[in-house]
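Under the UniProt record's numbering, the first residue of the sequence shown carries the number 1, and numbering increases by one thereafter.
In what follows, a single structure is set out as structure tokens and then discussed.
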Amino acid sequence: MNQPELWQMHFSMYQEKVRWALDYKRVPHIRHSLLPGPHAAQLMPRFGQKAMPILRHDGKVLKNSAAILSYIEQTWPDPPLYPQDPALREQALKTQKWFDEKIGPAVRCATFYEILPDTEYSARRIASGLSGLKQKLYVGAFPAVRAVMMLDMKITPDSAEAGRILTQEALDFVAENAEQTGYLVGGQFSVADLTAATVLFPTCFPPEFPVDIPKPLPPGWEAWLKRWQAHKGCEYVRRIYREYRGQSAAIDG
Ligand SMILES: N[C@@H](CCC(=O)N[C@@H](CS)C(=O)NCC(=O)O)C(=O)O
């Protein structure tokens with residue numbers, strides 16, 4: 001069986017979901033990290049879409065993080081991320097869907113609204129890991145890339161405000177639902193916890209998030225973090241990361 005290959009933007013939440021699942025199950029894999037902007041020309045001819053994550057394995061191409069996690073669960077069942085009990089599994093998948101489709105885009109919108117205006121910082125964060133020269137070139141191209149990102153993700157003052165409201169709702173949800181057992185579904189770590197913690201990482205900043213985030217942070221993001229740090233939902237996110245994130249199983253680091 002060949003190694004799975006993951007096409008990703010390394011700073012993004014949906015790619016972190018897939019990396020975490022592969023790492024948790026200790027599946028050796030190859031990561032291809034692309035930059036927003038050039039990524040479209042690299043992906044469209046090959047896969048017919050530009051949104052990542054995309055996973056290729058054994059001749060199959062999987063798109064969308066939930067479909068990829070389902071494939072990972074079937075192919076490498078241990079340790080499980082889906083609850084065994086059908087009703088609990090359904091509840092975990094419903095929670096994943098809510099975070100993927102409603103909370104993720106809203107949190108992303110609200111946090112990018114704080115970060116993207118800082119051209120130098122945003123470009124360096126997105127291009128971290130590249131050589132100094134490539135980062136410099138990317139900083140120069142970034143205003144055009146940012147304009148496309150803002151359109152694609154529909155980032156406006158109104159959508160950022162809606163994102164703030166949904167961020168509060170999501171933090172309240174995890175705090176309340178994990179209060180009894182420490183987990184969102186069935187008293188054990190599952191795809192629901194992995195997804196919630198991933199989607200909330202830009203808000204709660206767990207130190208185990210496995211991608212370097214350049215410091216100092218821009219003031220907008222600092223203020224965003226400060227606003228939520230004491231929330232019990234952030235305590236949950238940091239604990240889930242601390243106890244379950246583990247080490248990378250990527251072949252190339
Ligand atoms: N629902 C999708 C969302 C994927 C998504 O929004 N990907 C973004 C990064 S977070 C992306 O690749 N955007 C670049 C583009 O669409 O051109 C999933 O769960 O995989």
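All C-beta atoms in this analysis are idealised placements derived from N, C-alpha and C, irrespective of residue type, glycine included.
In this text the structure is predicted, and so the values were computed from the model without any measurement.
> Taking the alpha carbon of R238 as the point to measure from, which residue in Q247, P28, A197, A67 has its own alpha carbon closest?
Replying inline: Put simply, of Q247, P28, A197, A67 the residue whose alpha carbon is nearest the alpha carbon of R238 is A197.
>> Can you give me the C-alpha to C-alpha distance between P214 and Y121, rounded to a whole angstrom?
In response: Going by the C-alpha atoms only, they are around 8 Å apart.
> Counting along the chain, where does the beta strand (DSSP E) carrying R56 start and finish?
Replying inline: Looking at the DSSP string, the run of the beta strand (DSSP E) that includes R56 is 54 to 57.
> At what residue ranges does the UniProt domain "GST N-terminal" (2 to 80) contain a whole run of the beta strand (DSSP E), taking only runs of 3 or more?
Replying inline: Segments of the beta strand (DSSP E) lying fully in the UniProt domain "GST N-terminal" (2 to 80): 5 to 8, 30 to 33, 54 to 57, 60 to 63.
> For K17, which residues from the same chain have a beta carbon less than 7 Å from its beta carbon, with the 5 sequence-adjacent residues on both sides left out?
Replying inline: If we look at K17 and ignore the five residues flanking it on each side, its Cβ neighbours are S65, L69, L194, T195, T198.
> With M13 and F201 assumed to form a contact (beta carbons below 8 Å), what rounded beta-carbon distance in angstroms separates them?
Replying inline: The Cβ separation is near 6 Å, so the contact holds.
>> From the DSSP secondary-structure annotation, give me the bridge partner or partners of A250.
In response: For A250, which the question treats as bridged, DSSP gives the partners H29.
>> What I want to know is whether the C-beta of S159 ends up closer than 8 Å to one or more non-hydrogen atoms of ligand 1.
In response: Taking 8 Å as the cut-off, one finds no heavy atom of ligand 1 near enough to the beta carbon of S159.
> Does the Cβ of K60 lie closer than 8 Å to at least one heavy atom of ligand 1?
Replying inline: Not one heavy atom of ligand 1 is found less than 8 Å from the C-beta of K60.
>> Using a Cβ distance threshold of 8 Å, determine whether the region 76 to 93 contacts the region 167 to 186, with at least three qualifying pairs required.
In response: The region 76 to 93 vs the region 167 to 186: in contact.
>> As an exercise, report each continuous alpha helix (DSSP H) stretch of at least 4 residues that is fully enclosed by the region 116 to 179, in chain order.
In response: If we require 4 residues or more, the alpha helix (DSSP H) runs fully inside the region 116 to 179 come out as 119 to 126, 132 to 152, 157 to 177.
> When we look at the beta-carbon of Q8 and count the other beta-carbons within 10 Å, is it buried (16 or more) or exposed?
Replying inline: Residue environment: Q8 is assigned as buried (16 or more neighbouring CB atoms within 10 Å of its CB, all protein chains considered).
> CA-CA distance, L93 and L133?
Replying inline: In this model, L93 and L133 are separated by some 43 Å (Cα to Cα).
> Are I155 and Y138 closer than 9 Å when you measure CB to CB?
Replying inline: Contact: no.
>> Rounded to the nearest angstrom, what separates E235 and L35 at their Cα positions?
In response: The alpha-carbon separation between E235 and L35 amounts to approximately 31 Å.
>> If contact is defined by three or more beta carbon pairs under 8 Å, each pair taking one atom from either stretch, is the region 101 to 109 in contact with the region 163 to 170?
In response: Under the Cβ criterion (8 Å, minimum of three pairs), the region 163 to 170 counts as touching the region 101 to 109.
> Is it the case that the CB of M150 approaches a heavy atom of ligand 1 more closely than 8 Å?
Replying inline: No; taking the cut-off as 8 Å, the Cβ of M150 has no heavy atom of ligand 1 nearer than that.
> CB-CB under 6 Å to R245, same chain, minus the five flanking residues each way: which ones, in chain order?
Replying inline: Same-chain partners within the cutoff: E208.
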